[in-house]
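Quick note on the working numbering: the sequence shown kicks off at 40 and runs consecutively.
The beta carbon of each residue, even a glycine, is placed where N, CA and C say it ideally should be.
Bear in mind that the values here come from a model prediction, so they are computed numbers and not experimental data.
First the structure, in the form of structure tokens, and then the observations on it.
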Amino acid sequence: MSLHADEIPMAGPSITDAEVAAVTDALKNGWYGKEAYHYVELFESEFASFHGRRYALMTPNCTSALHLLLNGLGIGEGDEVIVPDCTWVGSVAGVVYLKAKPVFGDIQSDSWCLDPVSVMAAITDKTKAVIVVGLYGNMPEMDKLAAICHSRDIVLIEDAAESIGSRYKGRLSGSFGKASVFSFHRTKTLTTGEGGMLLLDDEDLFKRCHFLRDHGRSPTKAFYTMEVTHKYMPFNMQAALGHAQFGRLQELVGRKREILSLYRQHLADLPDLSFNFEPESVFNSAWMSTLVVGKSYGLDKLQMIEQMAKLGVPARPFFYPLSSLPAFPGNEAYQAKNLIAYDVSARAINLPCALVITDEQIKRVSQVVRKILEA
Ligand SMILES: *Cc1c(COP(=O)(O)O)cnc(C)c1O
């Protein structure tokens, strides 16, 4: 069954014969001996070298990659980890799994990424790590964040789930800090359905994470379990899909940027709107086409989405501040601290930007947005 012609696709992949061929090959041939992990090893090594990293570990998803990493770093009870208040819960779930405390930093009004000033203010002697997020393809101010972490001996981690293919001062997202994680969820720019990747350079940390990924097996003695750990192994068929998608990364990112640029063009004359930020220092891979509706319109994100839905067009809310969610009770004080996060999140939406969306559909969405904002 395929998508109804009238239905505007919100988020999702582009799948071609290349993906079908790779997955078919894995399905037919990828079960015995060296073949069982052929695509996993291929995808891991090409992904690491593309990002200039020494090691890669594919995982069932990005949330598990981050959990694996934080565990490998020895983060646990009593430790604090700074994360941006506006991100997907996957950025912070691992911190909570390990009983460490997430500390929510504010975002910047233009990039919607973690504010270095807010990080400075949030650091205590318990701070063990800072997780930065390339929100919707935007890039954080990596120079400042790296300098802050470096000078205080705090581990910098890049959650590049949404910023694959983005660059900061020419350097690829996912190449910064001690380690980085990626998501290949169905809705991400490069997909394996479910899937994730951990990239890192430190050999000891790699060995520890490798061990933690597969039930704490002895590396030398069969079925000899040393510790009860995670079971976060990747599957060859997913990796085959990842390998084929990776071969098309430039094309996929190119289309994402084109979608954003079409929205910008169609809505260029409307005042008081902002889209994904792309200063000169940033190449933005535009995972989502995100629209912040200026205060002058007096519309919040849910009103906007409801009005769009009535006109047959889907949209999604900008991430809620994590500190405002039922999952993170007792964090009411952040509302007065993370002013930008609460303000931007209240009036921003993601526009349909599936990789299969047509130019005609983007035009239709833009007309609907215009109709609502001009009313
Ligand atoms: C999608 C996403 C994740 C989680 O990815 P999964 O593969 O679904 O676990 C983590 N962080 C960010 C910023 C994401 O967008």
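(message) Would D124 and I146 be called neighbours here (beta carbons separated by less than 9 angstroms)?
(response) As a working mapping, residue 124 is identified with position 85 in the sequence shown. As a working mapping, residue 146 is identified with position 107 in the sequence shown. Going by C-beta atoms, D124 is nearer than 9 angstroms to I146.
(request) For L66, count neighbouring C-beta atoms within 10 Å of its own C-beta (all shown protein chains included) and say buried if the count is 16 or more, exposed if not. (result) The residue you call residue 66 lines up with position 27 of the sequence shown. The residue in question, L66, is exposed, as its Cβ has fewer than 16 Cβ neighbours within 10 Å.
(request) Look at the alpha carbon of P258 and the alpha carbon of T268, and state the distance between them as a whole number of angstroms. (result) The residue labelled residue 258 in the question sits at position 219 within the sequence shown. The residue labelled residue 268 in the question sits at position 229 within the sequence shown. P258 and T268: Cα-Cα distance of roughly 14 angstroms.
(message) Just checking D124 against ligand 1 - is the residue's beta carbon closer than 8 angstroms to any of the ligand's heavy atoms?
(response) The count along the sequence shown starts at 1 and reaches residue 124 at position 85. No.
(request) Indicate whether T264 and H249 have their beta-carbon atoms separated by less than 9 angstroms. (result) Stepping through the sequence shown from its first residue, residue 264 is reached at position 225. Stepping through the sequence shown from its first residue, residue 249 is reached at position 210. For T264 and H249, no; Cβs fall outside 9 angstroms.
(request) Could you tell me which residues DSSP puts in a beta bridge with V122? (result) As a first step, residue 122 must be located in the sequence shown, where it is residue number 83. Looking at the DSSP assignment, V122 forms a beta bridge with F143.
(message) Considering only heavy atoms of ligand 1 and the C-beta of each residue, which residues fall inside 6 angstroms, strictly closer?
(response) N100, C101, T102, T126, W127, G129, S130, V172, D198, A200, E201, S222, H224, G235
(request) Could you tell me whether the Cβ atoms of A387 and K340 are closer together than 9 angstroms? (result) Within the sequence shown, the letter at position 348 stands for residue 387. Within the sequence shown, the letter at position 301 stands for residue 340. Yes, Cβ-Cβ distance for A387 and K340 is below 9 angstroms.
(request) Return the chain-ordered list of same chain residues with a C-beta closer than 7 angstroms to the C-beta of N68, the five sequence neighbours on each side being excluded. (result) Counted from its first residue, the sequence shown places residue 68 at position 29. Excluding positions up to five away in sequence, the list reads E74.
(message) Just list the residues that DSSP pairs P356 with in beta bridges.
(response) Indexing the sequence shown from 1 puts residue 356 at position 317. DSSP lists I388 as partners of P356.
(request) Would you tell me roughly how many angstroms separate the C-alpha atoms of A168 and L239, rounded to the nearest one? (result) The count along the sequence shown starts at 1 and reaches residue 168 at position 129. The count along the sequence shown starts at 1 and reaches residue 239 at position 200. In a straight line, the C-alpha of A168 is about 15 angstroms away from that of L239.
(request) Have a look at the DSSP bridge pairing and note the partners of L237. (result) Numbered from 1 along the sequence shown, position 198 holds the residue referred to as residue 237. Per DSSP, L96, V220.
(request) Confirm, please, whether the CB-CB distance from V79 to A278 is below 9 angstroms. (result) Position 239 of the sequence shown, counted from the first residue, corresponds to residue 278. Position 40 of the sequence shown, counted from the first residue, corresponds to residue 79. Going by C-beta atoms, A278 is nearer than 9 angstroms to V79.
(request) Count the C-beta pairs between the segment 383-398 and the segment 278-289 that are closer than 8 angstroms, then say yes if the count reaches three, no if not. (result) no
(request) Helix, strand or coil for I170, going by three-state DSSP, please let me know. (result) For the purposes of this step, residue 170 is taken as the residue at position 131 of the sequence shown. Here I170 sits in strand by DSSP.
(message) Going by DSSP, what residue range makes up the beta strand (DSSP E) through T329?
(response) Along the sequence shown, read from residue 1 onward, the residue named residue 329 stands at position 290. Counting along the chain, the beta strand (DSSP E) containing T329 begins and ends at 328-332.
(message) Cutting at 8 angstroms between CB atoms, please list the residues of its own chain near D398, excluding the five before and the five after it.
(response) As a working note, residue 398 is residue 359 in the sequence shown. Once the five neighbours on either side are set aside, the close Cβ partners of D398 are L301.
(message) Our contact map puts A375 next to P360 with C-beta atoms below 8 angstroms; I'd like the distance itself, whole angstroms only.
(response) Here the question's residue 375 lines up with position 336 in the sequence shown. Here the question's residue 360 lines up with position 321 in the sequence shown. The pair is not a contact, with the Cβ atoms about 12 angstroms apart (cut-off 8 angstroms).
(message) Taking only three categories from DSSP, how would you classify I196?
(response) Residue numbering aside, residue 196 sits at position 157 when the sequence shown is read from its first letter. Note: I196 maps to strand in three-state DSSP.
(request) Work out the CA separation of E83 and M327 for me, nearest whole Å. (result) As a first step, residue 327 must be located in the sequence shown, where it is residue number 288. As a first step, residue 83 must be located in the sequence shown, where it is residue number 44. Each residue's Cα considered, the two are about 25 angstroms apart.
(request) Go ahead and label K227 buried or exposed: buried means 16 or more other beta carbons lie within 10 angstroms of its beta carbon, across all protein chains shown. (result) As a first step, residue 227 is located in the sequence shown; it is residue number 188 there, counting from the start. That one is buried.
(request) Take G144 as the anchor and find which of L378, L412, L394 has the nearest alpha-carbon. (result) Numbered from its first residue, the sequence shown carries residue 144 at position 105. Cα-wise, what sits closest to G144 is L378.
(request) Find the nearest neighbour of D241 within the set V407, R93, I47, judged by alpha-carbon distance. (result) Start at 1 with the first residue of the sequence shown, and residue 241 comes out as number 202. Considering only alpha carbons, the answer is R93.
(request) Taking I47 as part of the alpha helix (DSSP H), name the residues at either end of that continuous run. (result) Position 8 of the sequence shown, counted from the first residue, corresponds to residue 47. That residue, I47, is in no alpha helix (DSSP H); it is neither H nor E in DSSP.
(request) Could you work out which residue in A372, A393, G369 is closest to P353 when comparing CA atoms only? (result) Position 314 of the sequence shown, counting from 1, holds the residue named residue 353. Comparing Cα positions, the closest option is A393.
(request) Name the two residues that bound the continuous alpha helix (DSSP H) containing H77. (result) On the sequence shown, position 38 is the one that residue 77 refers to. Note, H77: alpha helix (DSSP H), 77-89.
(request) Using alpha carbons as the reference points, say which of N370, L312, P391 lies closest to S148. (result) Against the sequence shown, residue 148 aligns to sequence position 109. The residue with the shortest Cα to Cα distance from S148 is L312.
(message) Does L364 pass the burial test, meaning 16 or more other C-beta atoms within 10 Å, or should it be called exposed?
(response) Taking the sequence shown and counting its residues from 1, one reaches residue 364 at position 325. L364 is exposed by the Cβ-count criterion.
(message) Given a cut-off of 9 angstroms on the beta-carbon distance, is the pair N100 and F223 in contact?
(response) Against the sequence shown, residue 100 aligns to sequence position 61. Against the sequence shown, residue 223 aligns to sequence position 184. Yes. Within cutoff.
(message) Rounded to whole angstroms, what is the Cα-Cα separation between V395 and E116?
(response) Here residue 395 refers to the residue found at position 356 when the sequence shown is read from its first residue. Here residue 116 refers to the residue found at position 77 when the sequence shown is read from its first residue. If you take the alpha carbons of V395 and E116, they lie about 44 angstroms apart.
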